[in-house]
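In case it helps, UniProt numbering puts the sequence shown at residues 1 to 479. Backbone N, C-alpha and C define an ideal beta-carbon position, used for all residues, glycine too. A quick note: this is a predicted structure, and the numbers were derived from the prediction, not measured. These notes are about the structure you will find just below.
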Amino acid sequence: MYGRALLVPFLLTLFSLVAHVSSFTHPGLLVTSQDVSRAKKHIDAKQEPWYGSWEKLAASKYSSSTYQPNPSKTIDRPSNGELMWRDAAAAFNLALQWKISGNTTFADASGKILLAWAETFEGFDGGDDRYLSAGLQGYQFANTAELLRDYEPFAQADLSTVGTFLSNQFLAVNEFFLDHKAPSEHNHKHFYANWEQCNLASMMAIAVVTENTTAWDYAINYFKNGSGNGAINNAIVYIVDEPGTGRPLGQGQESGRDQGHSALNQQILGVIGQQAWNQGEDLFSYNDSRILKGAEYFARYNLGNDVPFVEYTNGIVTHTEVSSASRGATRPTWELLYHHYVGVKKLDAPWTKAYLNKTLEESGGFELGSGAMGEGSGRFDGLGWGSLLYRVDDSDVESPSASETPGPTTTSGSSATPSSSTPSGSSTLLDNVTSGTPVSSTLLPTVDTTPIPTPTSTTSRQTPTARPCSRKRKRAHRI
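Okay, structure coming up:
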């Protein structure tokens, strides 16, 4: 059913004028060496929120060095999908603990999980849910393999086997789905955005692990120019004016469906953006920072405020108003989004900041990760641990890291450059930066750590039927 190699002649023709990757950086997916060094520095100093996040990671049953994998020959997501998503979470948590602590028992346990699946798994069963498993667990397994590639025992004995497993069992399905070959697909916009987004994230991640430049170019080109809802201009489908300020906000393709899936959109867009950024491709800035516009729209509405809504149809469903279902939903992505757009890009993101503060209050002061948020598929869709991996303070500023400044890994073409514009009424400079511990590092720029109140909302004709989200008052390491 699925090919064993990525063959995309029609896309390579269609996108022949687009830049192509020429080399890969390792480790270079969701976690870089700079991220690990920064986390270790703050953990060693027992500084919050890094230290509390680290302790939470270590306390999870999915982080134990005695964790035993549960591979299956086949996965049908509705019936036994938890076997794969639980093991994917454990593999990543263990690999991350090894990277930070240096304890090789964690690396051995993580590699054991990957190899068990590589030697056992024969393919996905069931209906269309196979594409969700191939996307979500594909990028998660690949991120683990990328962390372990510089653990010598794994690199020498198992990396090749795991790479073949990822290519044959995940990448082949990703390509099949993104090529619009799914038998159930009625038109290219049949599937909601999150379906294609997770398959793009998987294709990107596996491309880096296996050094497959064709797969990488495919994913980047599809994100920019694809015909389905995973492409950014379809995922953030309309740009609307914020009531009162006129600032541009991005209405999501799933905004009229429910807010739980809209939250997943923000999460996977963060994964796609971060994986690309760490390989020198700035998708965060692409098309005037469209990812940020989508995050601001989502955060404003899910904090209990009104947003404009343009009627949407994909030929299968029609949405006439923003959905209040699951309003206030969150996924662990807001540390990543905030610290990129505000910390690195110096853009104004008031709703993103306010939503991050909301999630920190609700989760005990730091962003949680996979395996620490309870059971159920939605709790394992993202790897998380954003406070541990992406939070910075003003001790992390001595010089830019390789991961914050994309290198010249593309040739001439239409690759995006960071946007120099900011929303109306915003500033590219941050004020009131609090002093941090004077520890030398080579990490990220200073960010504003001053708490802000929820931005003042204004009333428009699209008054939501749902009540504003309640704000729990817990002690949290707000920003």
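Proximal residues to residue i (C-beta, below 7 Å), its chain only, five neighbours per side dropped
i, result
"residue 109", "65, 67 and 94"
"residue 92", "140, 143, 144, 370 and 383"
"residue 486", "Residue numbering for the chain in the displayed model covers 1 to 479; residue 486 lies beyond these limits and cannot be assessed."
"residue 78", "126 and 129"
"residue 73", "120, 121 and 122"
Range of the contiguous alpha helix (DSSP H) that encloses residue i
i, result
"residue 34", "33-44"
"residue 345", "First-last for residue 345: undefined, no H or E at that position."
"residue 386", "386-390"
"residue 245", "Looking at the DSSP string, residue 245 is not in any alpha helix (DSSP H), and its letter there is neither H nor E."
"residue 213", "213-225"
"residue 58", "50-59"
"residue 168", "Taken as a continuous stretch (DSSP letters only), residue 168 belongs to no alpha helix (DSSP H), as it is neither H nor E."
"residue 335", "334-338"
Pairwise C-alpha distance: residue j and residue i
i, j, result
"residue 331", "residue 183", "31 Å"
"residue 113", "residue 87", "7 Å"
"residue 186", "residue 240", "29 Å"
"residue 254", "residue 263", "9 Å"
"residue 357", "residue 153", "41 Å"
"residue 215", "residue 203", "6 Å"
"residue 129", "residue 377", "12 Å"
"residue 480", "residue 385", "Any question about residue 480 goes unanswered here, given that the chain covers just 1 to 479."
"residue 61", "residue 308", "43 Å"
"residue 268", "residue 131", "15 Å"
"residue 232", "residue 312", "16 Å"
"residue 354", "residue 363", "14 Å"
"residue 35", "residue 125", "37 Å"
"residue 480", "residue 28", "Lying before the first or after the last residue shown, residue 480 is absent from the chain, which here runs from 1 to 479."
"residue 150", "residue 243", "50 Å"
"residue 321", "residue 222", "28 Å"
"residue 181", "residue 316", "18 Å"
"residue 314", "residue 176", "21 Å"
Bounding residues of the beta strand (DSSP E) (the contiguous stretch that carries residue i)
i, result
"residue 140", "Careful: residue 140 lies outside any beta strand (DSSP E), inside the alpha helix (DSSP H) at 129-148."
"residue 238", "236-241"
"residue 153", "Element bounds for residue 153: not the beta strand (DSSP E) but the alpha helix (DSSP H), 152-157."
"residue 251", "248-252"
Which of helix, strand or coil DSSP assigns to residue i
i, result
"residue 66", "coil"
"residue 280", "coil"
"residue 75", "strand"
"residue 124", "strand"
"residue 318", "strand"
"residue 301", "helix"
"residue 192", "coil"
"residue 330", "coil"
"residue 313", "strand"
"residue 378", "helix"
"residue 163", "helix"
"residue 230", "coil"
"residue 369", "strand"
"residue 24", "coil"
"residue 358", "helix"
"residue 287", "helix"
"residue 209", "helix"
"residue 446", "Low local confidence applies: a pLDDT of 29 at residue 446 is under 50, so the model's placement there is unreliable, with the coordinate-based value given in what follows. Coil."
"residue 482", "Residue 482 is absent from the structure shown; the chain starts at 1 and stops at 479."
"residue 186", "coil"
"residue 256", "coil"
"residue 93", "helix"
Contacts around residue i, its chain only, beta-carbon distance under 6 Å, and the 5 residues preceding and following it disregarded
i, result
"residue 444", "For residue 444, the pLDDT reaches just 27, beneath the cut-off of 50, and the residue's location in the model is therefore unreliable, although a value from the coordinates is still provided. Cβ within range, chain order: 343, 392, 396 and 404."
"residue 136", "198 and 381"
"residue 69", "87, 113 and 116"
"residue 248", "239 and 293"
"residue 42", "50"
"residue 106", "65, 94, 97 and 98"
"residue 319", "256 and 312"
"residue 219", "200, 203 and 204"
"residue 165", "118"
Same chain, Cβ closer than 8 Å to residue i, neighbours up to 5 away in sequence not counted
i, result
"residue 289", "341, 345, 347 and 419"
"residue 260", "325, 326, 329 and 378"
"residue 375", "82"
"residue 349", "292, 295, 296, 337, 338, 341 and 342"
"residue 429", "Interpretation of residue 429 is limited by its pLDDT of 22, a score under 50 that renders its predicted location unreliable; no figure is taken from the coordinates."
Near the ligand ATP: residue i beta-carbon under 7 Å from a heavy atom
i, result
"residue 279", "The model on display carries no ligand, and the ligand ATP is accordingly not part of it."
| Do three or more CB pairs link the stretch 191-208 to the stretch 224-242 at distances below 8 Å? | yes
| query | Do the stretch 43-56 and the stretch 159-173 make contact, defined as three or more Cβ pairs closer than 8 Å? | reply | no
| Between the stretch 200-214 and the stretch 267-278, are three or more C-beta pairs nearer than 8 Å? | yes
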